[in-house]
Ligand SMILES: Nc1ncnc2c1ncn2[C@@H]1O[C@H](COP(=O)(O)OP(=O)(O)OP(=O)(O)O)[C@@H](O)[C@H]1O
Ligand SMILES: [Mg+2]
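Residue numbers (this note's numbering): 8 to 327.
See below:
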């Protein structure tokens, strides 16, 4: 057994409209497999079908077509749920419970004895770095970032072999993101398989071995992160930030360059050129207006290109 998750032609049509007569295809024939111990990235823009896929796998909704298995059990066999973990996109907990009570309750659902429940709850809350002072506070008093941590603790309480995380970094501040990133990376060392949904490329790029990119319900790309990077075209828009310059004056100085966008900023301007080759010319023109260089940055990454490019896919809703 090498494939921990196997997805074969998974399709989901939602019935929409007042009479539920119109169909929207949210997921269209998805096939892929995830290997044991892998951190697998599942990327896609808003509305691409990531959450739909996870909900299908978690048996919260039912497929229109196709099948999938987790740990060699068909997804209809929910007995395997004892061996997996799941962090929903918008975790909602009974919010009069405290963090500790919630986790002990989860432990009870998994059949742990009282003492083990207590130990596990504490260990998990510590692991997701929830401040110990908050362990006995009611969840309704928690911030979004704190709830996200409780959600993660809940997803890991049964030491799952596979964990499904739907946007685990959402709502976290920069330090929180880094901590959660480290936590996910640490799952690799204990051999947990991670299915990580995100629309944030940077998180996927640092954490994942392989990734799938979903575009409007269809699998657009699948492969190792390095290989996906190579698929991008290589030419990128660049951003030049300057100070002490008048945006108006620069507008005319840069008029001969094609594909240039100038935005006035407090105390300067931001110049966007469509190709790296135009940076020198743009800088020269900006300097001739007395501008001082603040920074030059590449906009986006090769992976980002795959993410937003619409590989010529067609129409996804059908009127029924
Ligand atoms: N219950 C529903 N009824 C009808 N359409 C739905 C339903 N749930 C999702 N959709 C549609 O299915 C498509 C995919 O949605 P999904 O939530 O899976 O996207 P996502 O990739 O998770 O996006 P996000 O990054 O915003 O979370 C969207 O077009 C959405 O409008
Ligand atoms: Mg989603």
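Backbone N, C-alpha and C define an ideal beta-carbon position, used for all residues, glycine too.
- Message: Quick check on this structure: which residue in 27, 83, 138 has the alpha carbon closest to the alpha carbon of residue 353?
- Response: The shown model of the chain, from 8 to 327, leaves out residue 353, and the question about it has no answer.
- Once you ignore the five residues that flank residue 298 on each side, which residues in its own chain have a CB closer than 8 Å to its CB? 249, 250, 251, 252, 257, 275, 276
- Task: Taking only the alpha-carbon atoms, compute the straight-line gap between residue 285 and residue 303 and give it to the nearest angstrom.
- Result: 12 Å
- Message: Let me make sure I understand the geometry here. Which of 267, 105, 14 has the alpha-carbon closest to that of residue 61?
- Response: 14
- Cβ neighbours of residue 102 in the same chain (closer than 6 Å, five flanking residues each side left out): 146, 147
- Which of the three DSSP states, helix, strand or coil, is assigned to residue 312? helix
- residue 57: CB within 7 Å of a non-hydrogen atom of ligand 1: yes
- Message: Which residue wins for smallest C-alpha separation from residue 223, given the options 129, 180, 151, 313?
- Response: 313
- Query: For residue 85, which of 97, 68, 95 has the nearest alpha-carbon?
  - Reply: 68
- Query: For ligand 2, is there a heavy atom less than 7 Å away from the beta-carbon of residue 210?
  - Reply: no
- Query: What is the rounded straight-line gap between the Cα of residue 238 and the Cα of residue 121?
  - Reply: 52 Å
- residue 204, enclosing alpha helix (DSSP H) - first and last residue: Residue 204 -> not in any alpha helix (DSSP H); beta strand (DSSP E) instead, spanning 200-205.
- Task: Could you tell me which of 196, 124, 288, 259 sits nearest to residue 247, measuring between CA atoms?
- Result: 288
- Mark residue 243 as exposed unless 16 or more other C-beta atoms lie within 10 angstroms of its C-beta, in which case mark it buried. buried
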